[in-house]
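Written below as structure tokens is the structure these notes are about.
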Amino acid sequence: MIYENTSTEDEDDENLKITLEVVVQHGSLITDKFVKEIDLPSYCLLILIKREGSDIIPRGDTKILAGDNLILMTNLNREVITRELLNEMTTFTSYKQ
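Be aware that the sequence shown starts at -2, since it is given in this note's numbering, and climbs by one per residue.
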């Protein structure tokens, strides 16, 4: 029996995953926040935190620190928007007066 591929290209892209790594900068929106306080979209999953040579499996009560490397997984077709979101969350923001 021969099976025909009936999936569309968009469906295939939705199933393909990519991992991204970002560094949390001092003064970013998520510095000193707990994982449970970070509002990640449903298509993005924080899978690992690299901190000072250690690998940490993130839990809700894990605190994000400046200098942490965050490893996240997302759908390939959402890579650009995910990178933009992560950039906003992890880069320095000016101090409010």
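From the three backbone atoms N, C-alpha and C, an ideal C-beta is built for every residue, glycine too.
{"query": "Proximity of residue 87 and residue 25 at Cβ, strictly below 8 Å", "result": "yes"}
{"query": "Contacting residues, own chain, Cβ-Cβ under 7 Å from residue 44 (five flanking each side not counted)", "result": "68, 69 and 70"}
{"query": "Residue 66, enclosing beta strand (DSSP E) - first and last residue", "result": "66 to 72"}
{"query": "Coil, strand or helix - residue 37 by DSSP", "result": "coil"}
{"query": "Sub-8 Å separation of residue 21 and residue 78 beta-carbons", "result": "no"}
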